[in-house]
Amino acid sequence: MLLRAGYDLKVDQPTLVGFGCCGLMGYEVQQIELVLPVNP
Amino acid sequence: MILSRYSSIFELDEFKGQKVIYNLLNHSIGLIRTASLNELERGNSTSKSIPKDDRKTLSEMDVLVENEEDDSEKALYYTRKIPFTSRAGYLTLLTCLDCNLNCFYCSQKGIIDGKAMDAATAESVGAWISQWIRSNQLQHLTLSVIGGEPLLHLEPLNEILPRIRETGITCRMMLISNGVLLDEAMVLSLVAKGFDRVQVTLDGDEETHDQVKRYQGNGTFHRILKAVDLCTEHGLEVDIRINYPKSKKEQALNTIRALNSLKNRSMIQVYFAELQSNNFFCTNELATVVPDLYEYAFHAGFSIPGPFGALLCQAESDYGFTIGPNGKVYKCYNSVGRYGEQLGSIKDGQLKVENHAMLNNHPVYECLQCKYFPVCRGGCKFLRRARYLAPATKLCAYENYKVAEKKILPLYVQSLLRKTLR
Numbered sequence: 289m290l291l292r293a294g295y296d297l298k299v300d301q302p303t304l305v306g307f308g309c310c311g312l313m314g315y316e317v318q319q320i321e322l323v324l325p326v327n328p
Numbered sequence: 271m272i273l274s275r276y277s278s279i280f281e282l283d284e285f286k287g288q289k290v291i292y293n294l295l296n297h298s299i300g301l302i303r304t305a306s307l308n309e310l311e312r313g314n315s316t317s318k319s320i321p322k323d324d325r326k327t328l329s330e331m332d333v334l335v336e337n338e339e340d341d342s343e344k345a346l347y348y349t350r351k352i353p354f355t356s357r358a359g360y361l362t363l364l365t366c367l368d369c370n371l372n373c374f375y376c377s378q379k380g381i382i383d384g385k386a387m388d389a390a391t392a393e394s395v396g397a398w399i400s401q402w403i404r405s406n407q408l409q410h411l412t413l414s415v416i417g418g419e420p421l422l423h424l425e426p427l428n429e430i431l432p433r434i435r436e437t438g439i440t441c442r443m444m445l446i447s448n449g450v451l452l453d454e455a456m457v458l459s460l461v462a463k464g465f466d467r468v469q470v471t472l473d474g475d476e477e478t479h480d481q482v483k484r485y486q487g488n489g490t491f492h493r494i495l496k497a498v499d500l501c502t503e504h505g506l507e508v509d510i511r512i513n514y515p516k517s518k519k520e521q522a523l524n525t526i527r528a529l530n531s532l533k534n535r536s537m538i539q540v541y542f543a544e545l546q547s548n549n550f551f552c553t554n555e556l557a558t559v560v561p562d563l564y565e566y567a568f569h570a571g572f573s574i575p576g577p578f579g580a581l582l583c584q585a586e587s588d589y590g591f592t593i594g595p596n597g598k599v600y601k602c603y604n605s606v607g608r609y610g611e612q613l614g615s616i617k618d619g620q621l622k623v624e625n626h627a628m629l630n631n632h633p634v635y636e637c638l639q640c641k642y643f644p645v646c647r648g649g650c651k652f653l654r655r656a657r658y659l660a661p662a663t664k665l666c667a668y669e670n671y672k673v674a675e676k677k678i679l680p681l682y683v684q685s686l687l688r689k690t691l692r
């Protein structure tokens, strides 16, 4: 059973990108901020 | 055919005799009988014992590949292609570099100068955005409004939002705020402007938070919680970022325990950020993943974020930009004010690119064999560039990804199911 359709990589669909940030613990659809660094 | 190496497989108590597959390349999620998976793992992809519906799921997930080599080439191809072919734009707009708080850990110290986007710049930025959307035939835009504290200076939106709307593009709008100005009038104003989502930050439980985030001589913990309730009551989804000092995760647990009074928790997503001791961009790759915090948040009724981020980061996309209050343009919000990372600037409605290095992406081929390549892509774009310029540079977050896959991904899928079934 398909629980969630993936991004269609072959088609330039509008939901393909633009949602989020790089890598670990980023957000799938909205997050832009990850771990906040502290100034030394 | 074989199952792609870029797949995560795990069990959930809800589904007996079946396993969940998560495709790390296209982020599809499916449910397959354990017996079918066993056949696949034995290399019997054509076995008649794999039922038709399982075959259909595998096909819809696009998770079967011809062989290991083709698996790698497929991941590499789409990783390089997508940034330049998507028609989804992503803009991060800094309306000001001014703030009404003074958090000791602020990553923008040194660039917060009290300045705000003036009317002429807003007009120029609005004109460029409109032309950019039309000429690239963009179909969807994500607009993140940040600062400083953006609620101190929302006026540029009065110029920019109509220019976006006149293009007819669908737009999702988010705001990152410290939350202290989010009273009911402000929340209604955000709803009227078209915002969908707001992020606020807590720096610990009431006692700890109020030592850090003080406004007009008072703590702000309860003020922010009230703002969160106001947001969800008026239909805005909320992200709560919980900061905690390195190696003091009990502070994060105390914070989540202190959120018991919040209403509408299915509209609230919680995530945790360990404050790092070194000022280094993309510190997510260095951060310790602490699964039990997410487990606690999940069981407290909050949504939790996907542990593998997005298909593509704004800084990698050819259609993603960050615009500062003075019209200077960057690829990543982390680059604002950072030497050598300015892409160009917007003047008279035109973007003049001055630094083409910021437009390139450098794949790290040696990472192709890694299971987490599609979600990590060899680290953040700026780290990849560092490696390209200095190949000996090594920085791998494999262990963190492994923990995220084993401990947080199953919780995330459960969180999605709970939200869907609710």
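Chains A and B, in that order, are what the protein sequence lines are.
Those letters in the first sequence? Residues 289 to 328, per our numbering, in order.
Those letters in the second sequence? Residues 271 to 692, per our numbering, in order.
Ideal Cβ placement from N, Cα and C applies to all residues, glycine included.
- In the three-state DSSP reduction, Gly571/B falls in the coil class, being neither helix nor strand.
- Secondary structure at Ser405/B: helix, using DSSP grouped into helix, strand and coil.
- Cβ contact annotation for Asp466/B (same chain, cutoff 6 Å, sequence separation greater than five): Arg442 and Met443, in chain order.
- The beta carbon of Val457/B does not come within 9 Å of any beta carbon belonging to chain A, so the residue lies off that interface.
- The stretch 423-436 of chain B makes contact with the stretch 392-402 of chain B: 3 or more CB pairs, one atom from each, lie closer than 8 Å.
- In the displayed model, Ser615/B falls within a strand according to three-state DSSP.
- The three-state secondary structure of Pro515/B, taken from DSSP, is strand.
- Using a C-beta cut-off of 8 Å, the stretch 363-371 of chain B makes contact with the stretch 410-422 of chain B, since at least three inter-stretch Cβ pairs fall below that distance.
- Less than 9 Å divides the Cβ of Gly648/B from the Cβ of Pro633/B.
- If you check the CB distance, Tyr603/B and Leu613/B do not come in under 9 Å.
- Going by DSSP, Lys622/B is part of the beta strand (DSSP E) stretching over Gln620 to Val623.
- If you compare the alpha carbons of Asn293/B, Ser315/B, Met271/B and Glu284/B with that of Ser278/B, the shortest gap goes to Asn293/B.
- Going by beta carbons, Tyr348/B and Leu295/B fall inside the 9 Å limit.
- In this chain, the beta strand (DSSP E) harbouring His410/B covers His410 to Ile416.
- Its chain contains Asp368 as the residues whose beta carbon lies nearer than 6 Å to that of Gly384/B, once the 5 sequence neighbours on both sides are disregarded; these appear in chain order.
- DSSP places Glu477/B within a helical segment (H, G or I) once states are collapsed to three.
- For Met387/B, no CB of chain A lies under 9 Å from its own CB, so it is not counted at the interface with that chain.
- Under the three-state reduction of DSSP, Cys646/B is assigned to helix.
- The Cβ atoms of Gln521/B and Gly449/B do not sit closer than 9 Å to each other.
- Ile574/B and Ser685/B do touch by the CB rule: their CB atoms are close to 5 Å apart, below 8 Å.
- Under a criterion of Cβ atoms nearer than 9 Å, the residues of chain A adjacent to Asn293/B are, in order, Gly294.
- Against chain A, the beta carbon of Thr327/B has neighbours under 7 Å at Met289 and Leu290, listed in chain order.
- In its chain, beyond the 5 residues on either side, Gly614 and Ser615 have a beta carbon closer than 7 Å to the beta carbon of Lys622/B.
- Runs of alpha helix (DSSP H) with 4 or more residues, each lying fully within the stretch 348-378 of chain B, are absent.
- Secondary structure in the stretch 414-485 of chain B: the alpha helix (DSSP H) runs of 4 residues or longer, each lying completely within the stretch, are 425-435, 454-463 and 476-482 in chain order.
- Counting of Cβ neighbours within 10 angstroms places Phe374/B among the exposed residues, the total staying below 16.
- Counting only residues of its own chain and dropping the five nearest sequence neighbours on each side, Gln401/B has a CB closer than 7 Å to the CB of Gly619.
- Where Phe652/B is concerned, the enclosing alpha helix (DSSP H) starts and stops at Lys651 to Leu659.
- Apart from the 5 residues on each side of it in sequence, Ile678/B sits with its Cβ closer than 6 Å to the Cβ of Pro561, Tyr564 and Pro577 in its chain, given in chain order.
- For Asp332/B, the C-beta contacts it makes with chain A under 8 Å involve Gly294 and Leu297, in order along the chain.
- For Leu686/B, the chain A residues whose Cβ falls inside 9 Å of its Cβ are Leu291 and Arg292, in order along the chain.
- Nearest Cα to Tyr668/B within the set Phe652/B, Ile272/B and Cys646/B: Cys646/B.
- Beta-bridge analysis with DSSP links Lys598/B to Ser615/B.
- Put simply, the backbone Cα of Tyr295/A is about 46 Å away from that of Asn488/B.
- Here the alpha carbons of Ala567/B and Phe542/B stand approximately 10 Å from one another.
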